[in-house]
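Protein chains in written order, with our numbering: chain X, 1 to 83; chain C, 1 to 152. Glycine included, every Cβ here is placed at the ideal spot set by N, Cα and C.
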Amino acid sequence: MRLLYFAWVRERVGKTDEDISPPADVRTVAELMEWLAGRGEEYAYAFENRKVIRAAIDRNHVRPDTAIAGAREIAFFPPMTGG
Amino acid sequence: MNATIRLQREDFDAAAESAKLSRGRTDIGALVTFTGICRDNESGHGVAAMTLEHYPGMAEEEITRHVKDAQARWPLMGVTVIHRYGRMTPGDNIVLVVTASAHREAAFEAANYLMDFLKTKAPFWKLEERPDGKNWVDAKSADDEAAQRWRT
């Protein structure tokens, strides 16, 4: 699946997007964030405060307990500040 | 219904967009135009410029979802939403919402509703340039509360 990062999540991870294959026991958005946080210093920093990070699966807002099975594109970003 | 949704780097002309929505029609009795503009001050500190980042694809889809919601809630005859991205300096336009209806309540309320959702649900992020450096703008709880009031 493809991951996209925006705003300060993007800055901390140090990339705009990447393709990943998480292990099968990573089932939800929250578990994916936890797994990502263990991938290195930059990820640990980006995902240190996971409660504030929002996610979208295939361009729809989702909650942390949403299953990631079948997702093509998962985006992580801070709360939105448009308008 | 006539709906225009655009994301663009370039500036927009609020008066021209508004005129476009009502041109040639005699059934529209109310036209509300809201323009959000880049300010030089935020909570007491100076802002020299602001860069708006967005999630291409999702931003259009999310705005379209809320325009459809607005059409379902109010008898609208036209809606235009334009949101800019990129770097803006104080005085520059950021966002435009135009709503047209037969009566003012629907036009005012739909414009208000769309702005509340653009602030809290549309995937845009503001990076401010302050005298002490760059800073990602924090989401405001007042904006979340404003969006909550439409949940019925």
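query	result
Partners in chain X for H83/C, counting only beta-carbon separations shorter than 9 Å	G82, G83
Minimum Cβ-Cβ distance from V98/C to chain X less than 8 Å	no
Endpoints, the alpha helix (DSSP H) within which N112/C is located	104-120
Rounded straight-line distance, which links the Cα of I94/C to that of K119/C	12 Å
Minimum Cβ-Cβ distance from R2/X to chain C less than 8 Å	no
Segment contact flag, the segment 85-105 of chain C with the segment 141-148 of chain C, C-beta cutoff 8 Å, min 3 pairs	no
Partner residues on chain C for N56/X, Cβ-Cβ distance less than 8 Å	The identity of residue 56/X in the sequence shown is Ala, whereas the question assumes Asn. Correct list: Y55, M58, P123.
CB contact below 8 Å: P79/X versus chain C	yes
Rounded distance between the beta-carbons of M50/C and K126/C, thought under 8 Å	5 Å
Rounded C-alpha distance that separates L7/C from G24/C	26 Å
Where P78/X falls, given that 16 or more other Cβ within 10 Å makes a residue buried	buried
Chain X within 8 Å of E61/C, Cβ atoms only	yes
Neighbour flag for T51/C against chain X, beta carbons, 8 Å	no
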